[in-house]
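**Student:**
Right under this line is the structure:
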């Protein structure tokens, strides 16, 4: 992916050398490389290739006083999730092969669930059958 994306100051590639220790280490690697100017950040899943830029833009435009913006499809929470920079330290504390789901559970009062009319936010591709369904 690095080869097809133009390099500029808005894109920074970081690599998790400890990826085998679980998803939390990948999230922390990214968070540890955020700029001081960063207002917020997405946590995205690599197995959701159908999520397009329009979804990211909708989430960014919906920023309000909530610290976490979660896309939903017919009431079901999906990904990517947009976090305010103030959530960084809470997320840094996660360990193992878990994402930020626990952070969402513990911070329900900080969440804006934003209805998105696109089921791709709930569809992960984990098997060959998943890809065959395209």
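In the UniProt record's numbering, the protein residues as written are 1 to 134. Glycine included, every Cβ here is placed at the ideal spot set by N, Cα and C.
Cβ of residue 100 versus every heavy atom of the ligand NAP: is any distance shorter than 7 Å?
**Tutor:** In terms of ligand content, the structure shown is empty, and the ligand NAP therefore cannot be addressed.
**Student:** What separation, rounded to the nearest whole angstrom, lies between the Cα atoms of residue 83 and residue 5?
**Tutor:** Using only the alpha carbons, I get a separation of about 23 Å.
**Student:** Please report the Cβ distance between residue 97 and residue 23, rounded to the nearest whole angstrom; I am assuming they are in contact, meaning their Cβ atoms lie under 8 Å.
**Tutor:** About 5 Å; that satisfies the 8 Å criterion.
**Student:** Run through DSSP, which three-state label would residue 19 get?
**Tutor:** In this structure, residue 19 counts as helix in the three-state DSSP scheme.
**Student:** Would you identify the three-state DSSP class for residue 30, choosing helix, strand or coil?
**Tutor:** Note: residue 30 maps to helix in three-state DSSP.
**Student:** Taking the straight line between their C-alpha atoms, what separation do you get for residue 39 and residue 16?
**Tutor:** Approximately 23 Å, taken between the alpha carbons.
**Student:** In angstroms, rounded to a whole number, what distance separates the CA positions of residue 77 and residue 55?
**Tutor:** If you take the alpha carbons of residue 77 and residue 55, they lie about 14 Å apart.
**Student:** List the residues that DSSP assigns as beta-bridge partners of residue 84.
**Tutor:** Answer by DSSP bridge pairing, in chain order: 40.
**Student:** What do you reckon, are the CB atoms on residue 41 and residue 34 nearer than 8 Å?
**Tutor:** In this structure, residue 34 lies closer than 8 Å to residue 41 by Cβ.
**Student:** Which class does residue 122 belong to by DSSP, given the choice of helix, strand or coil?
**Tutor:** Looking at residue 122 - three-state DSSP - the assignment turns out to be helix.
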